[in-house]
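Going by this note's numbering, the letters in the sequence shown line up with residues 1 to 266, in that order. Structure record follows, encoded as structure tokens.
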Amino acid sequence: MSDFQDKVVWITGASSGIGEALAYTFAKYKAKLVLSARRADELERVKKACNLPDADILVLPFDVADYTQAEANTAKVLAQFGRIDILVNNAGLSHWSKVKDTGFDVIKRIMDVNFLGGAALTKAVLPGMLKNKKGQIVVISSILGKIITAKQSAYNASKHAIMGFYDTLRAESGGEGIKVLLVCPGFVRTDVAKNSLNRDGKPIGKDNPMILNGLDPMDVSEDILSAIRKGKEEILLAGPKERFAVTLKRFAPGLFSKIMSKTKLA
Ligand code: NDP
Numbered sequence: 001m002s003d004f005q006d007k008v009v010w011i012t013g014a015s016s017g018i019g020e021a022l023a024y025t026f027a028k029y030k031a032k033l034v035l036s037a038r039r040a041d042e043l044e045r046v047k048k049a050c051n052l053p054d055a056d057i058l059v060l061p062f063d064v065a066d067y068t069q070a071e072a073n074t075a076k077v078l079a080q081f082g083r084i085d086i087l088v089n090n091a092g093l094s095h096w097s098k099v100k101d102t103g104f105d106v107i108k109r110i111m112d113v114n115f116l117g118g119a120a121l122t123k124a125v126l127p128g129m130l131k132n133k134k135g136q137i138v139v140i141s142s143i144l145g146k147i148i149t150a151k152q153s154a155y156n157a158s159k160h161a162i163m164g165f166y167d168t169l170r171a172e173s174g175g176e177g178i179k180v181l182l183v184c185p186g187f188v189r190t191d192v193a194k195n196s197l198n199r200d201g202k203p204i205g206k207d208n209p210m211i212l213n214g215l216d217p218m219d220v221s222e223d224i225l226s227a228i229r230k231g232k233e234e235i236l237l238a239g240p241k242e243r244f245a246v247t248l249k250r251f252a253p254g255l256f257s258k259i260m261s262k263t264k265l266a
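Here it is, written out as structure tokens:
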């Protein structure tokens, strides 16, 4: 029997990329799954490919930014499975434009989807986990929760907010059986660049070579499950250049700033 067999795992952003890969990997280990994102048809496609018995997989489409629905959606999961063992806050999107050009509504949307939506779900599932004295919150942050790149101010801010929020949650509730894993990937080969918003809040619709050359999402998902098994608190999944950037920011922040002001990523 695998460590994940019969564990109830709720994944947001399960309709593509890292979330989709996580769904397949958890399904391989016979977890019970809840798949969420906005596109119901894509979630149904992922559900079919997971090849689990119907009773073990629930498609629950919603917009995470509609955080007033977090409790009602949690109630639907509890009605089907009775408990939530692992919540994976993965849904997210990015944007590309300088602060001076970025509409405030774009900044708000990024914070709503990447930070507040996940925070609302976390608050909704937490009482059940605390009652069971057991539960794990996994959050797909980013290397941009540790460093920054130009033209991604709100994205960087949302991922830095995630780091602060969930480090705090871990400090508060570790003694009550709650584990928190922060996942900080560098470039991963998904639709994240295509789905990024431009300054007006419209999807850019274009791939980015660095994302196209990024890590395979299936490999990333196996690394995430391995970190969950080991009860790790944080993992950085990135190549040597990105790892070096994290070290540079930590030990030579002035030099890091200078380099970043001259680096063109898109
Ligand atoms: P994708 O664009 O492929 O997937 C994003 C997922 O989030 C989709 O399933 C999308 O589904 C869902 N989503 C987006 N907005 C909402 C919303 N408002 N409500 C519900 N679901 C939503 O990108 P990734 O797989 O790369 O992104 C997953 C996570 O990984 C994100 O948090 C991202 O920031 C993070 N990440 C990605 C990196 C990369 O290089 N790819 C690097 C570091 C972090 P739908 O459109 O159906 O709603």
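Where is the CB? At the ideal position from N, CA and C, for every residue including glycine.
Could you tell me the distance, in whole angstroms, from the CA atom of residue i to the CA atom of residue j?
i           : j           : result
residue 165 : residue 12  : 18 Å
residue 204 : residue 1   : 44 Å
residue 125 : residue 241 : 37 Å
residue 105 : residue 95  : 12 Å
residue 19  : residue 161 : 20 Å
residue 129 : residue 168 : 17 Å
residue 116 : residue 70  : 11 Å
residue 56  : residue 80  : 9 Å
residue 77  : residue 99  : 39 Å
residue 267 : residue 62  : Residue 267 lies beyond the residue range present for the chain, which begins at 1 and ends at 266; the question has no answer from this structure.
residue 222 : residue 27  : 12 Å
residue 254 : residue 261 : 11 Å
residue 132 : residue 82  : 11 Å
residue 207 : residue 214 : 12 Å
residue 179 : residue 230 : 11 Å
residue 226 : residue 154 : 30 Å
residue 5   : residue 157 : 36 Å
residue 121 : residue 137 : 10 Å
residue 102 : residue 196 : 13 Å
residue 141 : residue 189 : 16 Å
Let's see if you can read the secondary structure: which residues bound the beta strand (DSSP E) around residue i?
i           : result
residue 12  : 8 to 12
residue 113 : Run containing residue 113: none; DSSP gives neither H nor E here.
residue 162 : Looking at the DSSP string, residue 162 is not in any beta strand (DSSP E); the run it does join, the alpha helix (DSSP H), is 153 to 173.
residue 99  : Careful: residue 99 lies outside any beta strand (DSSP E) and carries neither H nor E.
residue 183 : 178 to 185
How is residue i classed by DSSP in three states: helix, strand or coil?
i           : result
residue 60  : coil
residue 128 : helix
residue 90  : coil
residue 233 : coil
residue 84  : coil
residue 140 : strand
residue 203 : strand
Just curious, the alpha helix (DSSP H) that residue i is in, first and last residue?
i           : result
residue 249 : 240 to 251
residue 32  : From DSSP, residue 32 is part of no alpha helix (DSSP H) but of the beta strand (DSSP E) over 32 to 36.
residue 28  : 17 to 28
residue 212 : 209 to 212
residue 43  : 40 to 50
residue 146 : Element bounds for residue 146: n/a, residue is neither H nor E.
residue 193 : 192 to 195
Inset, instruction - Assess, as a yes-or-no matter, whether the segment 64 to 74 is touched by the segment 162 to 182 under the definition of 3 or more beta carbon pairs within less than 8 Å. - result: no
Legend entry - the segment 138 to 146 in contact with the segment 183 to 197 per 3-pair CB rule at 8 Å: yes
Inset, instruction - Could you tell me whether the segment 28 to 37 touches the segment 108 to 117, using the rule of 3 or more Cβ pairs below 8 Å? - result: no
Legend entry - the segment 72 to 90 in contact with the segment 3 to 17 per 3-pair CB rule at 8 Å: yes
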